[in-house]
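Once you know that position 255 of the sequence shown is 690 in my numbering, the rest is easy, because the numbers rise by one and skip nothing.
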Amino acid sequence: MRTTIAEDRLNDLILGSGKIVIFGHENPDGDSIGSAVGMYHYLTALGKHPHIVINSRLPEYFNFIIPAGSISYYNEDKSRCDGCIAAADLLIFLDMNGANRTGEVSQAIEAAMAKVDAPRSVLIDHHLNPQTKPFDVVISDTEVSSACELLYHVLLDQPGVRGDVANLPKECAEALLTGILTDTNNFANSVYPSTYLAVSQLQARGVDRDAIYNEVFRSYSEQRMRLMGHMLQDNMRCLKQGVAYFTLSIADKQKFDFVRGDSEGFVNLPLSIKNIRMTAFFTEEKDFIKVSLRSKGNVDVNDFSHKYCNGGGHKNASGGRLYMPLAEVPGYFESKVEEFFK
Ligand code: 5GP
Ligand code: MN
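Okay, here's the thing in structure tokens:
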């Protein structure tokens, strides 16, 4: 169900703003980049000058939907990002339930929003527990497949679009379908009747679904597949509670020429085992362990992540961070699994 604050003001805010900054969440995925790029094309077609700001780069296989010069990365060009944020009339947050999910760039956002003449702000999201402050417009729906699907429905409601997908730029439609395909893992999870409706209309707009599938799901390196084999053969552990988990060390990343995005989808793999109802994937980063959690049915990994992994997300797909050496993760995780399923 959609809950909104001042949704009808979205069009006025957009039309009344010149400089608009769109934010994606840190470690951007297909939904984050798809919704940001979709919004970028919608705004550009209205004669606006949007710019996208993201904390760090995304996997290269998303390059095919990114317009040249449309994105600045905070960890590479802080001053450009700070300048954009300071000059903005409107800030748009997509695919995140609060501005803090933008990562390090959130400090510059907070500073801008604390000013007397702060820019207006909009949150459009499908995660649980959306923050409502300090946004002028909040559009939240947790019963859609993705932020891209929600944005699709929102854009269709805009006065200039008049409910007709033909009035959206084709590049916008392409970006939105990319996010729907990736966030549902090619229609395996979180698919609603409204999802098929959106996809049907986006395809009717001329978007080539098969081409997107090939770009996103069939553009990996041979080494990535070998790393996957190593993870499953040598690292995966299955627990009696119906939980499977594995870890990816920095050493293994080096050994398999790991590039950003190479472990995308790994966390889903053990869910194909009949009795496995929850999976966890731990990736060693420089300063922390990145956690990815997935589940089937009623197992609530949003709850698990809140309780034990400093994160959140959705009931069947969540993430978080741990601050401990990788070697301590199995002991910690197994004890928390025992507590959780007691
Ligand atoms: P993934 O495992 O693909 O990184 O993330 C799965 C889901 O959990 C996504 O919806 C993502 O937004 C959310 N998520 C990932 N990491 C974090 C985190 O550190 N904190 C919170 N609150 N959510 C996260
Ligand atoms: Mn999403």
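In this text, a Cβ means the ideal position worked out from N, Cα and C, and glycines have one as well.
Model, not experiment: these values are computed from the prediction.
Could you tell me whether any non-hydrogen atom of the ligand 5GP is closer than 7 Å to the CB of residue i?
i: D464; result: yes
i: G747; result: yes
i: G469; result: no
i: A623; result: no
i: R653; result: no
i: V642; result: no
i: V702; result: yes
i: A549; result: no
i: A752; result: yes
i: G696; result: no
i: S727; result: yes
i: H460; result: yes
i: R536; result: yes
i: R756; result: yes
I'd like to confirm something about residue i: is its beta-carbon nearer than 7 Å to some heavy atom of the ligand MN, or not?
i: A582; result: yes
i: H588; result: no
i: D530; result: yes
i: D618; result: yes
i: H561; result: yes
Cα separation between residue i and residue j?
i: D618; j: S727; result: 14 Å
i: P554; j: A547; result: 7 Å
i: R653; j: S625; result: 22 Å
i: V634; j: Y496; result: 21 Å
i: L573; j: K690; result: Note on residue identity: the sequence assigns Val, not Leu, to residue 573. Straight-line Cα distance between these residues: approximately 44 Å.
i: L683; j: L616; result: 25 Å
i: F701; j: F716; result: 8 Å
i: V678; j: S730; result: 9 Å
i: C516; j: I500; result: 21 Å
i: R659; j: S698; result: 8 Å
i: K771; j: L450; result: 50 Å
i: H741; j: G747; result: 5 Å
i: D735; j: S707; result: 18 Å
i: S452; j: M759; result: 45 Å
i: A522; j: L478; result: 17 Å
i: C673; j: V764; result: 15 Å
i: E609; j: S505; result: 16 Å
i: F739; j: A601; result: 42 Å
i: G641; j: D530; result: 25 Å
i: D560; j: T567; result: 11 Å
Can you look up residue i in the DSSP assignment and give me helix, strand or coil?
i: Y767; result: helix
i: R659; result: helix
i: F681; result: strand
i: L585; result: helix
i: P760; result: coil
i: T438; result: strand
i: L590; result: helix
i: A623; result: coil
i: V596; result: coil
i: G732; result: coil
Legend entry - alpha helix (DSSP H) segments (min. 4 residues) lying fully within the segment 499-530: 513-522
Inset, instruction - May I have a chain-ordered list of the beta strand (DSSP E) segments no shorter than 3 residues that lie completely inside the segment 527-571? - result: 555-560
Legend entry - Every unbroken beta strand (DSSP E) within the segment 692-725, with a cutoff of 3 residues, ordered by chain: 713-719
Inset, instruction - Within the segment 455-482, note down every full beta strand (DSSP E) run reaching 3 residues or more, in order along the chain. - result: none
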